[in-house]
Amino acid sequence: MAEPDQRGDTGNDSGRDHGGDGGDGGNLARSVGTVGGLTLISRLLGYVRDIFMAVFIGAGPVGDAFTFALTLPNSFRQIFAEGAFNAAFVPTYTELQTREGKAAAARFAGQVMTLLLVILLPLSGLILWQMPAVIGFLSQGYDPAGQRFALAVLFSRLMFGYLTLISLMALCTAILNANGRFAPGPGVQIGYNVILIAALVLAVPVVGYPAHVLSVGVLGAGVFQFGLTWLLASLLVGITVVPRLPRLDRRLRGMMLLMGPGVASAAGLQISSLLNRALASDIVGAQSQLYFAERLYFLPLALIGIAFGVVILPTLSRALARGDDAGAGQTIHDGLSLAGFVAIPASVALLVMPREIIATLFQYGRFDAAASAQAGWILMALSIGLLPVILQRVLYPVFFARKDTLTPMLVTLAGVGVQVALAVTLFPVIGVFGLGLSIAIAAWLQAFAAAWLTGARGFWRPDAALMAQLARVCIAAAVMGAGLWLLRGLSAEIFVSGAAWQRVPIMAGLVLAGLTIYILMSIVMNAVPPSAIAALRRLGRRSG
Numbered sequence: 037m038a039e040p041d042q043r044g045d046t047g048n049d050s051g052r053d054h055g056g057d058g059g060d061g062g063n064l065a066r067s068v069g070t071v072g073g074l075t076l077i078s079r080l081l082g083y084v085r086d087i088f089m090a091v092f093i094g095a096g097p098v099g100d101a102f103t104f105a106l107t108l109p110n111s112f113r114q115i116f117a118e119g120a121f122n123a124a125f126v127p128t129y130t131e132l133q134t135r136e137g138k139a140a141a142a143r144f145a146g147q148v149m150t151l152l153l154v155i156l157l158p159l160s161g162l163i164l165w166q167m168p169a170v171i172g173f174l175s176q177g178y179d180p181a182g183q184r185f186a187l188a189v190l191f192s193r194l195m196f197g198y199l200t201l202i203s204l205m206a207l208c209t210a211i212l213n214a215n216g217r218f219a220p221g222p223g224v225q226i227g228y229n230v231i232l233i234a235a236l237v238l239a240v241p242v243v244g245y246p247a248h249v250l251s252v253g254v255l256g257a258g259v260f261q262f263g264l265t266w267l268l269a270s271l272l273v274g275i276t277v278v279p280r281l282p283r284l285d286r287r288l289r290g291m292m293l294l295m296g297p298g299v300a301s302a303a304g305l306q307i308s309s310l311l312n313r314a315l316a317s318d319i320v321g322a323q324s325q326l327y328f329a330e331r332l333y334f335l336p337l338a339l340i341g342i343a344f345g346v347v348i349l350p351t352l353s354r355a356l357a358r359g360d361d362a363g364a365g366q367t368i369h370d371g372l373s374l375a376g377f378v379a380i381p382a383s384v385a386l387l388v389m390p391r392e393i394i395a396t397l398f399q400y401g402r403f404d405a406a407a408s409a410q411a412g413w414i415l416m417a418l419s420i421g422l423l424p425v426i427l428q429r430v431l432y433p434v435f436f437a438r439k440d441t442l443t444p445m446l447v448t449l450a451g452v453g454v455q456v457a458l459a460v461t462l463f464p465v466i467g468v469f470g471l472g473l474s475i476a477i478a479a480w481l482q483a484f485a486a487a488w489l490t491g492a493r494g495f496w497r498p499d500a501a502l503m504a505q506l507a508r509v510c511i512a513a514a515v516m517g518a519g520l521w522l523l524r525g526l527s528a529e530i531f532v533s534g535a536a537w538q539r540v541p542i543m544a545g546l547v548l549a550g551l552t553i554y555i556l557m558s559i560v561m562n563a564v565p566p567s568a569i570a571a572l573r574r575l576g577r578r579s580g
């Protein structure tokens, strides 16, 4: 039975990461800062992990098999255990806890846990049984009698149990978030990366077989993540979640219906991702190169996307609930202004020196200069689509706040269709670069569609001030890009054949130079968003 600890309502509240309800912007800002800071630490540790993976495993047949196997449970996780689940569970759980108390909310959480187990355990068993057929379907470039195929089946079977564990962790994390405890989610992810780094550094030198060790390590990290979040939900919130017999009442049915569009969108995106990897399987090493390029592409997406997910949707929802259309419009304006200010220079930097960034982070051991060059081309193509994906994170909440999950789903699925068609068309002509380019083109089409629908339905339209500010940002970023391109040319050979101790300080200098140029140009051209200036002034008053 999922019984609450009643002290959760009245106990000491110190250390709580309040999301707030809009009444205290300081609490909300602190929560965003906490999540963003922990996510950044986790991502940095993730790159340390990837560096060790590049050293020990590289970009050959074993690397292809491992990176493909790693993406398989994560693809299902993103369908069942992330955005779609949270968007449906958190509002239902919060409403129930507010109206009927923690005991009723705990019972509901126990029913949802049972529902997850009933769905995921048979699904996992079926996929484990039919794993050779799954790998054969998704990676048709693998020879069924070859090493890559056999290793992909083995690694996938070792890791696939992670899906159930991480889905249960998502349930516990959602309960923590619903009660204003935002730190445990990204904090536990830090533990995941630490476990895998420890496996590579401590176990591999003793037993060898780095990909085998990591596969077992992923499953062990999943046990750690679920166990710790389950314990934290009990200690911090006062709710111990255990499976309960589900009742298909109005609330549970409503939650399942709310998940529908989100699951469909996530499934479409994952099908697109798996298709890209299936196409890349025709070229030895291409799947690993695609993986490492995507890791860099997803860093700004993860950091900025999480911040917008925390701030924009609840802010819009509160404004609309008050009938404050002007406030909602200002939120969208500020969000797009900030998104452009961060995403445009990030896109330019990735576009101008993709190979150099890849070489600095991953060109060690078995990941050689040729692999860096290929991954750099993929990253260059992906960088074109960075800005529109971040803009979607601002525009989609405009619909979510109005309880419209259907429109974002339709836009997403249309984009997936375009991406798949382009990938199939471009890959035979220009190789893996075509996969990255198809993702970027589809992202722009989705962003334009979301922006057009936002205006066509009368929700919001950009004004001249926003467009002028973004134009100034583009000019500042272009000057930064030109400076980086010139400076990069002075040290290009080092990133091809130089040692790590040479590449790292030069890349640090390039990053510092680019940041300096962009900030100075933004100040000179008055391109800094007014909301960012106001936040800096408030920070200055507090520190003073």
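In this note's numbering, the protein residues as written are 37 to 580.
The C-beta atom is built at its ideal place from N, Cα and C for all residues, glycine as well.
If the five residues before and after Val240 are omitted, its C-beta is found closer than 7 Å to the C-beta atoms of Phe92, Pro246, Val249, all from its own chain and listed in chain order. Between the alpha carbons of Leu315 and Leu305 lies a gap of roughly 15 Å. Judged by DSSP in its simplified three-state form, Ile340 adopts helix. The residues Gly363, Ala364, in chain order, have a CB closer than 6 Å to that of Ala355 in the same chain once the five nearest residues on each side in sequence are set aside. Comparing C-alpha distances from Phe88 to each of Ile231, Ser203, Val71 shows the shortest one belongs to Ile231. Cβ-Cβ separation between Ala501 and Pro424: approximately 21 Å, too far for a contact (criterion under 8 Å). Check the Cα spacing between Tyr178 and each of Leu551, Met557, Gln323: the tightest is with Gln323. By the C-beta criterion, the stretch 324-333 is judged not to be in contact with the stretch 185-203, since fewer than 3 inter-stretch pairs fall below 8 Å. Across the set Pro565, Arg497, Gln166, the C-alpha of Pro565 shows the shortest separation from the C-alpha of Gly376. One alpha carbon belongs to Leu190, the other to Phe196, and they sit about 10 Å apart. With respect to Val434, Phe495 sits close: the two C-beta atoms are nearer than 8 Å.
In this structure, Phe262 is the residue among Phe262, Gly453, Leu207 with its C-alpha nearest to the C-alpha of Gly227. The beta-carbon distance between Leu332 and Leu386, rounded to whole angstroms, is 7 Å. This is short enough to meet the 8 Å contact definition.
The C-beta distance from Arg287 to Val388 rounds to 51 Å, too long to meet the 8 Å contact threshold. Residue range 405-419 is occupied by the alpha helix (DSSP H) that includes Ala417. Ranked by Cα distance from Asn213, the options Gln176, Ala450, Trp266 are led by Trp266. The Cβ atoms of Leu431 and Ala487 lie closer than 8 Å to each other. In this structure Trp521 is exposed. Its beta-carbon is surrounded by fewer than 16 other beta-carbon atoms within 10 angstroms. Cβ contact annotation for Val148 (same chain, cutoff 7 Å, sequence separation greater than five): Phe125, Leu207, in chain order.
Distance from the CA of Gly472 to the CA of Ile414, rounded to the nearest whole angstrom, comes to 5 Å. Straight-line spacing of the CA atoms in Leu157 and Asp370 works out to 44 Å. One thing to note: Leu506 has its Cβ no nearer than 8 Å to the Cβ of Ile477. Counting along the chain, Arg143 sits inside the alpha helix (DSSP H) bounded by residues 138-165.
Annotation: the stretch 280-342 contains the following complete segments of the alpha helix (DSSP H) (minimum length 4 residues), in chain order: 286-316. Per the C-alpha coordinates, the member of Gly221, Ile275, Thr276, Ser383 positioned closest to Phe260 is Gly221. Counted as a single uninterrupted DSSP element, the alpha helix (DSSP H) harbouring Leu423 occupies residues 422-436.
With fewer than 16 other CB atoms across the displayed protein chains lying within 10 angstroms of its CB, Val540 is exposed. Per DSSP, the unbroken alpha helix (DSSP H) holding Ser533 starts and ends at 528-533. A check of alpha carbon separations from Ile393 across Gly545, Asp360, Ala235 identifies Gly545 as the nearest. If only uninterrupted alpha helix (DSSP H) runs of at least 4 residues are considered, those enclosed by the stretch 232-274 are 240-243, 246-268. A distance below 7 Å between beta-carbons, with the five flanking residues on each side excluded, links Thr103 to the following residues of its chain, in chain order: Gln323, Ser324, Tyr327. Distance from the CA of Pro168 to the CA of Thr107, rounded to the nearest whole angstrom, comes to 16 Å.
Nearest to Thr396 by C-alpha distance, out of Gly470, Arg508, Val547, is Val547.
For Val456, same chain residues with a beta-carbon under 7 Å away, outside a window of 5 residues either side, are Ser308, Leu311 in chain order. Scanning its chain for C-beta atoms nearer than 6 Å, with the 5 sequence neighbours on each side dropped, one finds around Ser527 the residues Ile542, in chain order.
If you look at Val452, you'll find it in the alpha helix (DSSP H) that goes 442-466.
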